[in-house]
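A.B. asks: Dumping the structure here so I can ask a few things about it.
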Amino acid sequence: MSPLPPSLDLDALRSYVLGLECGSFALAAQRLCRSTSAVSAQLKKLEQQCGTDLVMKQGRHLVPTASGERLLGYAKRLLALNDEAVLALKGELLQGEIRLGVQEDFGESLLPAVLGPLCRQHPALRMTTRIDRNGALVQGIREGTLDMALA
Numbered sequence: 001m002s003p004l005p006p007s008l009d010l011d012a013l014r015s016y017v018l019g020l021e022c023g024s025f026a027l028a029a030q031r032l033c034r035s036t037s038a039v040s041a042q043l044k045k046l047e048q049q050c051g052t053d054l055v056m057k058q059g060r061h062l063v064p065t066a067s068g069e070r071l072l073g074y075a076k077r078l079l080a081l082n083d084e085a086v087l088a089l090k091g092e093l094l095q096g097e098i099r100l101g102v103q104e105d106f107g108e109s110l111l112p113a114v115l116g117p118l119c120r121q122h123p124a125l126r127m128t129t130r131i132d133r134n135g136a137l138v139q140g141i142r143e144g145t146l147d148m149a150l151a
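This is the structure we're talking about:
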């Protein structure tokens, strides 16, 4: 039987992802309520687990290496699945249907950015959206065909 591959530390992955999203591991440390040295130690541990460098200096910033970029997508999915499992076990996953109306002016540009992460975090939640004029959205609320509207 072959040995199991090493497991990646989820806390270290969270620090790694947040550090790249913030553009700074010092800022990530603040958001995680940890010291910068603790986050740096997590990054070193993660690099050891992966057997490769994950970030490199570019000017005053750290940017992902090719391996780090490859890990980033996996890390985000692992963290999302972890967070979903925790919410599900706590009974905090949203479920059911929400009928949302959005004004024409910003509906198509706003909806994917806002609703995408919400729906990924709460897969049992069904979103029905309607893009329309303000008057039609208000009427939808009055008639009960919409649960909420951004007008």
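The opening residue of the sequence shown carries number 1 in the UniProt record's numbering; numbering runs sequentially from there. Virtual Cβ for every residue (Gly too), placed ideally from N, Cα, C. This structure is a prediction, so every number in the text was calculated from the model and none was measured.
1) Starting from T65, follow the beta strand (DSSP E) in both directions and report where the run begins and ends.
2) Unbroken beta strand (DSSP E) runs of length 3 or more, entirely within the segment 123 to 150: which are they?
3) If you scan the UniProt domain "HTH lysR-type" (8 to 65) from start to end, which runs of the beta strand (DSSP E) of 3 or more residues do you find wholly inside it?
4) Between which two residues does the beta strand (DSSP E) holding Q103 run?
5) DSSP three-state label for L111, please.
6) For L89, which of helix, strand or coil comes out of DSSP?
7) Report the rounded CA-to-CA distance for H122 versus L13, giving the unit in angstroms.
8) Check the C-beta distance from R126 over to E97 and give it rounded, since I have them as a contact under 8 angstroms.
C.D. replies: Considering the structure as presented:
1) Where T65 is concerned, there is no enclosing beta strand (DSSP E), given that its DSSP letter is neither H nor E.
2) 125 to 132 and 148 to 150
3) 55 to 58 and 61 to 64
4) G96 to Q103
5) Three-state result, L111: helix.
6) L89: helix per DSSP, three-state reduction.
7) 21 angstroms
8) 4 angstroms
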